[in-house]
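Numbering (my numbering), first residue to last: 579 to 1152. As structure tokens, the structure follows; a few thoughts come after it.
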Amino acid sequence: MQNLPAKITSHMMNSQDKKTCFTMRALWVSTTQTHGFFGQRPAISFVCAIWLLAGTLGAEAIKAADNKSAFMKNKLEVFVKGDETYVRSPFSKEQDLVRVIGKGPNNRQVNFSWTGLIPAGASFDDKTVAGATRIHNCGDDSTPWNINSMYIGANHGCSSSREITCTGHGLSTADLGSEWTDGARVKWYVMKIVDNDKLWLLSQNNGTGDIWKFTSTLTGTILKRSSNGKTLQVQNNVMTQLYPAVRILRQQCLKDGKMLLPARGVTKCDFIDFVEENEIVNPGAVLADVIGNPGKKRDFVAAPLPATIANTITYRIHPDGSTVITYKAKVLQDLNIGYMGFIQSAPLSRGSYTSHRYYIPKAIPFVKNSVNYDFRATQDFSKPVPVPLNFSESDGDIENPDNLPDRFIQLLGQGDGKTARSKTGYALGYSLVQGMTVPAKRKKHTKRALFIHTSNKSYPSALDAQFAPMIKAGTEFFCVAYRRYFNPEGLKNATCAYWYNDGNNIVTYIDYHKSVARDIVMLPPECAGKNITVVERTPSLTLHTDKSVPASGVSISVKGDYGYIVISTPYNSK
579 MQNLPAKITS HMMNSQDKKT CFTMRALWVS TTQTHGFFGQ RPAISFVCAI WLLAGTLGAE
639 AIKAADNKSA FMKNKLEVFV KGDETYVRSP FSKEQDLVRV IGKGPNNRQV NFSWTGLIPA
699 GASFDDKTVA GATRIHNCGD DSTPWNINSM YIGANHGCSS SREITCTGHG LSTADLGSEW
759 TDGARVKWYV MKIVDNDKLW LLSQNNGTGD IWKFTSTLTG TILKRSSNGK TLQVQNNVMT
819 QLYPAVRILR QQCLKDGKML LPARGVTKCD FIDFVEENEI VNPGAVLADV IGNPGKKRDF
879 VAAPLPATIA NTITYRIHPD GSTVITYKAK VLQDLNIGYM GFIQSAPLSR GSYTSHRYYI
939 PKAIPFVKNS VNYDFRATQD FSKPVPVPLN FSESDGDIEN PDNLPDRFIQ LLGQGDGKTA
999 RSKTGYALGY SLVQGMTVPA KRKKHTKRAL FIHTSNKSYP SALDAQFAPM IKAGTEFFCV
1059 AYRRYFNPEG LKNATCAYWY NDGNNIVTYI DYHKSVARDI VMLPPECAGK NITVVERTPS
1119 LTLHTDKSVP ASGVSISVKG DYGYIVISTP YNSK
């Protein structure tokens, strides 16, 4: 504990707090198994361990003995069970955070699963995890591309495929690749025999070059085989996604960015890198391969099949509770871009909380279908939005098209309305200091900042047709983003305050929805003595601390009812 401020260290080690201190140091007991991650399969099964700093507390609320996660530099510890990995980290005096990450069910890619809270003093075992209070069900948060008029990659496959029901169809493997026509004389090809009653079909490819284009609607209830006139009676047909669509090239779980995690036992480390390299296979090439090899089962992601995009994604888990996502992509074939966010997120799960609010800096009040919204002031998010919401200049709900909203914060709490007491926070955001989401670059890449679906799922945008309607082969993209759970309970004045490691910087966000005079906010101990760079701030906020960060924290005043600041300090990354 030599890195802790002397006052805090002394407080923790006095006779009253020794037990708490040593309990905190001993809390991290878990087991890590990597079979299923790095075995014969190229797929990964893991969970990123996240250690949460309980939320950047205001100095007036900091009592180290009462908040075990405020200033500790514990190493991460992880255990794996089957295809899922569980990570426990401090969250508050009463609760610890458990995050679960595994593999996507169809493409077997790195996939967020769920996040929950367990009692701080409970043992870390299957029974405790099973009883966790879930705060986030996020099993579809790995991010696909929207290209050539469909979502593909991550958890998605080609969505133009149809699953048809033809009771007792009588087809077998010998019929794979066979051609059939519907009522509109569109050609359809058998891609998969699901069972005795169901088939997967994909239409002819009407695209040009590498840009695929399929018919997504089957016309009529009769399919006629082109070779012999045999017919199938279609009782039902629905959209299905052609899986798998992602070719996994490499998946590794690296201890401190260097060593592979051992197969068994407790693993401690300063951070964990989960690295995935994958390729999105061109479904037009898959169709051609099936047609060219009739009567044979084909691997939809076989190595010879050409890919449209190559992705290299690193999920770095820091002890401060952040997951930093570094996403590199290379376009291998020309494509028409819909959009790409590189991050997305399901809403938090309200459960027994009485309040669920959504806060979006850089948004402005607006009216949609006679409903008033104000996400900057925090918007009630306890019910599904009645219609999809877009945040863009043309929609009239953002402050500045040259500086798009870049972070999207949800708060769960107890109480009613804006006076509710926040107890759990979650931030999803883009880097402001590196990559394609630096504001001066992002405005050239995308018109839209965010899309909220009626499911309340959030889809930030980093790239769309603003960059170019058609993206040429060879184009490369580099995006840095983060996900962060935090505990806002100790904040007396600020709405939220959190930080994450962004390359060689620690970037801290502090937000207020009230006026304050010289409020003191403690930054992580790694910031003490480091030079301060103000990345962004509202004119209403004054940072009284200049040059470097005192161990006591930074001093902030806010005029009016709103203000925020983004601070960057140097960080010696590993």
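Using N, Cα and C, we set each Cβ at its ideal position, and we do this for glycine too.
Supposed close pair residue i, residue j - CB separation, criterion 8 Å
| i | j | result |
| --- | --- | --- |
| I696 | V676 | 6 Å |
| A885 | A907 | Going by Cβ atoms, the distance from A885 to A907 rounds to 11 Å, so no, they are not a contact pair. |
| T901 | I895 | 6 Å |
| N860 | W778 | Going by Cβ atoms, the distance from N860 to W778 rounds to 18 Å, so no, they are not a contact pair. |
| Q992 | S933 | 6 Å |
| L796 | D760 | 5 Å |
| K1137 | S1093 | 6 Å |
| L982 | A1027 | 4 Å |
| S1146 | N1083 | 5 Å |
| D719 | A698 | The Cβ separation is near 26 Å, so there is no contact. |
| R740 | T818 | 7 Å |
| V1099 | A1129 | Contact doesn't hold; Cβ gap of about 13 Å is too wide. |
| A792 | N783 | It should be noted that the sequence gives Phe, not Ala, for residue 792. Contact holds; Cβ gap of about 6 Å. |
Status (buried if at least 16 other CB within 10 Å, exposed otherwise) for residue i
| i | result |
| --- | --- |
| S667 | buried |
| Q611 | Confidence at Q611 is low in this model, with a pLDDT of 31, below 50, so the placement of that residue should be treated as unreliable; the coordinate-derived value is given next. Classification of Q611: buried, given that the 10 Å Cβ count is 16 or more. |
| M1014 | buried |
| V768 | buried |
| A1046 | exposed |
| D1139 | exposed |
| N733 | buried |
| S972 | exposed |
| M837 | exposed |
| P1038 | buried |
| K585 | Unreliable positioning characterises K585 in this predicted model, as indicated by a pLDDT of 35, which lies under 50. A coordinate reading is not provided. |
| H1122 | exposed |
| G1141 | buried |
| E672 | exposed |
| I1134 | buried |
| I1143 | buried |
| A752 | exposed |
| V909 | buried |
| N856 | buried |
| E662 | buried |
| E575 | With the chain running from 579 to 1152 in the structure shown, residue 575 is simply not present. |
| T997 | exposed |
| A708 | exposed |
| I640 | Low per-residue confidence applies at I640: pLDDT is 32, beneath 50, and the placement is therefore not dependable, though the value from the model is reported in the following sentence. Buried, by the Cβ-count rule. |
| R999 | exposed |
| A881 | exposed |
| M1048 | exposed |
| N1150 | exposed |
| T1066 | For clarity, residue 1066 is Pro in the given sequence; the question names Thr instead. Under this definition P1066 is a buried residue. |
Identity of the residues DSSP links to residue i by a beta bridge
| i | result |
| --- | --- |
| E854 | Q829, I891 |
| D1154 | Any answer about residue 1154 is impossible in this case: the structure gives the chain only from 579 up to 1152. |
| L989 | R935, G1003 |
| C1057 | Y905 |
| L967 | I1030 |
| W790 | Paired residue(s): none; W790 is not in a bridge. |
| C744 | In the DSSP output, where bridge partners are listed per residue, C744 has none listed. |
| Q782 | Answer is none; Q782 lacks a bridge partner. |
| S900 | R1062 |
| M769 | DSSP lists no partner for M769. |
| L777 | I742, I771 |
Within 8 Å, strictly: CB atoms of residue i and residue j
| i | j | result |
| --- | --- | --- |
| L865 | G735 | no |
| V868 | G755 | yes |
| Y1008 | A1040 | yes |
| K940 | E977 | yes |
| F849 | P897 | yes |
| I730 | A823 | yes |
| L1006 | R985 | yes |
| E1104 | L1010 | no |
| L654 | K808 | no |
| V816 | T799 | no |
| Y917 | T1024 | yes |
| E757 | K770 | no |
| R928 | D958 | no |
| S930 | C716 | no |
Chain B contact for residue i (CB, 8 Å cutoff)
| i | result |
| --- | --- |
| T890 | No chain B is present in this structure, which holds just one protein chain. |
| Uninterrupted beta strand (DSSP E) stretches inside the region 996-1026 (no shorter than 3 residues) | 999-1008
| field | Length at least 3, wholly inside the region 705-737: the beta strand (DSSP E) runs in chain order | value | 711-715, 723-725, 728-730
| task | Could I get the ranges of all uninterrupted beta strand (DSSP E) runs contained in the region 1101-1150, with 3 residues as the minimum, in chain order? | result | 1111-1115, 1119-1121, 1132-1136, 1141-1148
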